[in-house]
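Letter by letter, the sequence shown follows residues 0 to 354 in numbering that gives the first Met the number 0. Structure first, commentary second.
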Amino acid sequence: MNDFRLAVLPGDGIGPEVTAEALRVLCAAADLFGFRLITTQYAVGAAGVAESGEALPLTSRYGVTDADAVLLGAVGHPSLASAEGSRRPEAGLLALRELLKVYANLRPVSVHPALRHASPLRPERLEGVDLLIVRELTGGLYYGEPRWRSELEAVNTLRYTTAEIERVARVAFEAAEGRRKRVTSVDKANVLEVSELWRDTVSQVALDYPDVVLEHLYVDFAAVRLVCDPAGIDVLLTENMFGDILSDEAAVLAGSLGLLPSASLGDGSGLYEPVHGSAPDIAGQGVANPIGAIASAALLLRYSLELEEAARAVEEAIAGALSAGYRTADIAGPGERVVGTREMGEAVVERVLSA
Ligand code: IPM
Ligand code: MN
C-alpha cells in the first residue's frame with residue numbers, strides 16, 4: 000500500500016471549514032483506491048501569528064518541506080489587515096510559496112452546465128469554456144527588491160529573469176500539448192521592458208513546441224477577451240500580478256470564486272489551495288462553498304500523488320453533486336435549496352465512494 004505524507008494548513012476564516020471537507024473527500028478516495036494518507040496540521044496566516052507571532056511559524060516551515068504535498072485553506076484576518084512584515088497573514092502564504100519554490104500556479108476554469116445561471120455573463124458566452132491559467136507565482140512585483148515605503152513615497156520592483164520566464168512558460172506549453180494546443184501569453188509589452196523580455200522569452204520557448212499555437216495579448220485586452228470570448232482561450236500564461244487579477248476575473252465565468260481550485264508546482268512538493276480567500280464575513284457559519292478546496296484536493300491527487308484515477312473520481316463526484324442540485328449559497332439560483340459546507344462535502348464523499 001502506498002503511504003503519502005500530507006501537510007495540512009487550514010489557515011484562517013473559512014479555511015478550516017472547507018479544508019475539513021477536502022480532507023474527508025481525500026480519505027474517501029484513499030479508502031476506495033487503496034492508498035494511505037498521513038496528515039499533519041500546521042498553522043499559517045493569522046493562525047500562525049496566534050501560535051508563534053509569525054504568519055509562517057518555524058514548525059510549519061519544517062512540516063511542509065517534509066511532506067509529499069501541502070493542502071492549504073485560506074489566509075487573512077480583519078484584525079491583522081494592517082499588520083506589518085511577517086505578521087501579515089498574506090506574508091505567510093507568500094513565504095510558503097517561496098519556500099516551496101512553487102513557481103507555476105495552475106488555475107483551471109470550466110463551467111458546469113447546471114451553473115450557467117450563476118454567472119452574470121450570458122449563458123451562450125459560457126458555452127465551451129475550459130481554460131487553464133498558468134500564473135508565475137514566485138517572482139514579479141510580489142517579490143521584487145527593493146521594496147519600501149516612507150510617508151510620501153513607496154516602491155515595489157518588477158523584475159524577471161529569462162530563467163524564471165522560461166520555466167513557467169514550459170509548464171504552460173506542456174499543459175497545452177495535452178489540451179487544445181493554444182497558449183495565450185499575457186503581458187504589457189507596449190509599456191514595460193519586463194514584458195518585452197517576457198514576450199521574447201515565451202516566443203523562444205514556443206519554438207520547442209511546434210504543434211502549439213502561441214498568441215500574445217496585452218493584459219488590458221486579455222481582460223476583455225476573458226469576458227467576451229472565454230471559450231477561445233485554452234492556456235493563459237502570465238506573470239504573477241496580472242495572473243492574480245485575471246484569475247479572479249475568470250472565476251466569474253464559473254459562477255463563483257468558491258468553485259475554483261489551484262495547484263502550485265515547482266521542483267519539490269506541490270501546494271494546493273482554493274483560489275478564494277478567507278471570507279471573514281461568512282467564517283464559522285458552515286455556509287462556505289467547499290468545492291474550490293475539494294477540487295484542489297483532486298489536483299493534489301493528480302499532480303503530487305500521481306493518482307489520476309482518484310483525481311478523476313473526485314472531479315466526477317463534484318460534477319455529480321452539482322448535477323444532482325446541491326447548491327451552497329454562492330451558487331444557488333432563485334428558489335433552489337441551499338445546503339451548507341458540510342452537506343456539500345458529504346454529497347461529494349458519497350459520490351466518490353460509489354465511483
Ligand atoms: C491569491 C491571493 C493571494 C495572492 C493573496 C492572499 C496574497 O489573492 O492566491 O490569488 O495575491 O496571490
Ligand atoms: Mn488573488
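Idealized CB from N, CA, C, for every residue including glycine.
A297 beta carbon less than 9 Å from that of P260: yes
According to DSSP, simplified to helix, strand and coil, what is G138? coil
Inter-residue CB distance, R23 and D2 (contact presumed, cutoff 8 Å): Not confirmed; about 19 Å, so no contact.
Measure the CB-CB distance between T306 and V101 and report whether it falls below 9 Å. Checking the sequence shown, residue 306 turns out to be Leu, not Thr. No, Cβ-Cβ distance for L306 and V101 is not below 9 Å.
Of the residues A113, P122, E176 and R341, which one's Cα is nearest the Cα of T18? R341
Which residues DSSP lists as bridging A262, in chain order: L105 and Y271
From the DSSP output, in three-state form, read off T160 for me. coil
Beta-carbon gap between L25 and L114 smaller than 9 Å: no
Opening and closing residue of the beta strand (DSSP E) in which A73 lies: A68 to A73
For M343, the nearest candidate out of V286, E335 and L352 (CA to CA): V286
Kindly examine the ligand MN and report whether one of its heavy atoms sits closer than 8 Å to the Cβ of S268. No, the ligand MN has no heavy atom inside 8 Å of this Cβ.
Any chance the region 45-60 sits against the region 309-321, with 3 or more Cβ pairs inside 8 Å? no
Is G257 near the ligand IPM - that is, is its Cβ less than 8 Å away from at least one heavy atom of it? no
Minimum C-alpha distance to N104 - residue among P279, G324, F241 and E308: F241
Given 8 Å as the limit, is there contact between the region 216-232 and the region 177-192, that is, 3 or more CB pairs closer than that? yes
So is G44 buried or exposed if we call it buried at 16+ other beta carbons inside 10 Å? buried
Go ahead and pull the three-state DSSP assignment for S361. The structure shown has nothing for residue 361, since the chain only spans 0 to 354.
Cutting at 7 Å between CB atoms, please list the residues of its own chain near S350, excluding the five before and the five after it. Sequence inspection shows Arg at residue 350; the Ser mentioned does not correspond to that position. Only A316, G319 and A320 meet the Cβ criterion.
Pocket of the ligand MN (residues with CB nearer than 7 Å to any heavy atom), chain order: Any heavy atom of the ligand MN within less than 7 Å of a residue's beta carbon puts that residue on the list, which reads D243, S246, D247 and V274.
Distance cut-off 8 Å: S364 Cβ against heavy atoms of the ligand IPM: Because residue 364 is not part of the residues shown, which for the chain are 0 to 354, the question remains open.
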